[in-house]
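S.K.:
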Amino acid sequence: MARYAKEQQDDSPGGDSFLDIVANIVGILILLVMVVGLRAAREFEAAPVAQTEVERVTAADLRKAKDRALRERREFERLVLAAKRTEAESRLLEADRVEMASYIAELDSELEKERAALSESDRRSHDTSTSIAHAQLRLEELMRKRVSQVVVEQETETIECYPTPIAQGVVEDQVMISLEGNQISFLPIAGFVDQIERAIGSVRAELMNSSGMEVVAERRLGPVEGHYLACRFKRQTINVPGRGMMAIGGMERCTVVATPSVQRTPADLATEPGSPLMQRLEGIDRDATVVTIIAYPDSFESLAKVERSLKEHGYRVAKTLQRAGQPISFGPNGRETVMQ
Numbered sequence: 001m002a003r004y005a006k007e008q009q010d011d012s013p014g015g016d017s018f019l020d021i022v023a024n025i026v027g028i029l030i031l032l033v034m035v036v037g038l039r040a041a042r043e044f045e046a047a048p049v050a051q052t053e054v055e056r057v058t059a060a061d062l063r064k065a066k067d068r069a070l071r072e073r074r075e076f077e078r079l080v081l082a083a084k085r086t087e088a089e090s091r092l093l094e095a096d097r098v099e100m101a102s103y104i105a106e107l108d109s110e111l112e113k114e115r116a117a118l119s120e121s122d123r124r125s126h127d128t129s130t131s132i133a134h135a136q137l138r139l140e141e142l143m144r145k146r147v148s149q150v151v152v153e154q155e156t157e158t159i160e161c162y163p164t165p166i167a168q169g170v171v172e173d174q175v176m177i178s179l180e181g182n183q184i185s186f187l188p189i190a191g192f193v194d195q196i197e198r199a200i201g202s203v204r205a206e207l208m209n210s211s212g213m214e215v216v217a218e219r220r221l222g223p224v225e226g227h228y229l230a231c232r233f234k235r236q237t238i239n240v241p242g243r244g245m246m247a248i249g250g251m252e253r254c255t256v257v258a259t260p261s262v263q264r265t266p267a268d269l270a271t272e273p274g275s276p277l278m279q280r281l282e283g284i285d286r287d288a289t290v291v292t293i294i295a296y297p298d299s300f301e302s303l304a305k306v307e308r309s310l311k312e313h314g315y316r317v318a319k320t321l322q323r324a325g326q327p328i329s330f331g332p333n334g335r336e337t338v339m340q
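Just so we're aligned, residue 1 is where the sequence shown starts under full-length UniProt numbering, counting upward by one.
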């Protein structure tokens with residue numbers, strides 16, 4: 001009876017032995033170690049955030065960036081304009097070459113027919129005259145080359161002067177402004193380039209298909225910013241030795257015509273910040289662009305001040321003088337002025 005009571009006491013709750021309790025505690029500790037190890041294996045240590053210093057941008061830096069962007073845009077526009085101009089000139093030269101080759105072929109054909117119609121003695125005389133003419137042309141060409149190769153040493157004379165921007169090297173571009181009546185206006189010559197090219201293409205057939213020793217065609221281009229261009233195209237026939245009569249044509253002259261709507265600024269205010277002139281000049285490449293002032297006699301007193309102010313702003317300046325009442329015009333041989 002006592003043994004039965006003892007067995008029941010061992011099986012009752014809370015009757016575990018000391019070894020059972022220790023085993024349970026060790027098991028719990030092992031489970032805790034496994035859980036902590038598993039969590040540590042799954043967690044990644046966050047990388048420390050690098051503290052970067054924020055670069056401060058000042059107003060001067062923004063202005064410099066804006067000026068650089070404007071210069072790059074102007075440079076891109078200049079390159080595009082130069083490419084268009086080169087392409088147009090190439091087309092014109094190719095058309096002239098084809099026309100000249102056709103004309104020469106026709107002349108050769110006519111000369112050959114005339115030669116075939118001659119008698120044997122006249123044919124020999126004709127061939128001899130032709131050979132002599134070719135030899136004379138060759139002799140003249142050799143003499144010109146010989147003269148150009150002769151070096152004549154001359155006594156040098158030293159002259160001190162203040163070089164203008166034109167004397168500092170070849171520039172790639174220029175902008176022109178007019179100074180008349182102590183007022184300045186911007187001349188948008190670059191805006192007429194496409195119109196001039198189209199005008200040349202349109203009058204070519206008219207010039208070449210017309211009869212006469214000299215044929216003239218006129219076109220009025222524009223307006224661009226209140227300006228027109230009165231252009232004159234001419235074709236003339238010349239006698240080429242050994243080739244006969246030959247027709248050549250092209251632009252003779254274009255004259256700038258200003259309308260009352262042209263924006264003019266007093267010379268005293270033209271170079272002030274924010275003026276229309278300074279806004280037009282903003283962003284140009286000052287190292288490769290020359291600002292040319294075309295001055296009339298009634299504004300000579302203002303010319304020096306405007307020139308000095310533009311140079312203080314960092315622009316390269318050139319000036320030319322125009323006769324009173326003479327319009328501004330230009331052609332294949334340059335612009336018509338009193339002096340450079």
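We treat Cβ as the ideally placed atom computed from N, Cα and C, and that holds for glycine.
(1) Can you check which of these residues, S309, A295, S302, is closest to G325 by C-alpha distance?
(2) Would you decide whether A199 is buried or exposed? Buried here means 16 or more other CB atoms lie within 10 Å of its CB.
(3) Buried or exposed for E153, going by 16 or more other Cβ atoms inside 10 Å?
(4) Per DSSP, Q236 forms a beta bridge with which residues?
(5) Decide yes or no for the touch test of the segment 215-230 against the segment 250-258: beta carbon pairs closer than 8 Å, at least 3 of them.
(6) Does DSSP put P223 in a helix, in a strand, or in coil?
(7) From S211 to G250, what does the alpha carbon distance come to, in whole angstroms?
(8) Does the Cβ-Cβ distance between R286 and R308 come in under 8 Å?
(9) Rank I21, G222, D173 by C-alpha distance to the C-alpha of T259 and give the top, closest one.
(10) Shortest alpha-carbon distance to L81 belongs to which of R264, Q174, L31, I293?
(11) Out of Q195, L207, S129, P273, which one is the CA nearest neighbour of K84?
(12) Alpha carbon to alpha carbon, how far is K113 from F330? Give it in angstroms, no decimals.
(13) Of the choices V262, D96, R73, D61, whose alpha-carbon is the least far from that of P188?
(14) Anyone know if the C-beta pair for R264 and Q322 falls short of 8 Å?
M.R.: A quick look at the data gives this:
(1) The residue among S309, A295, S302 with its C-alpha nearest the C-alpha of G325 is A295.
(2) Answer is buried; the Cβ neighbour count reaches 16.
(3) Interpretation of E153 is limited by its pLDDT of 43, a score under 50 that renders its predicted location unreliable; no figure is taken from the coordinates.
(4) Per DSSP, E214, I248.
(5) They touch, by the three-pair rule.
(6) Judged by DSSP in its simplified three-state form, P223 adopts strand.
(7) Each residue's Cα considered, the two are about 16 Å apart.
(8) Their beta carbons are not under 8 Å apart, which means R286 does not touch R308 by this criterion.
(9) When only C-alpha atoms are compared, the closest one is G222.
(10) Of the candidates R264, Q174, L31, I293, Q174 places its Cα closest to the Cα of L81.
(11) Of the candidates Q195, L207, S129, P273, the residue whose Cα lies closest to the Cα of K84 is Q195.
(12) Between the alpha carbons of F330 and K113 lies a distance of about 45 Å.
(13) Relative to P188, the option among V262, D96, R73, D61 whose CA is nearest is V262.
(14) No.
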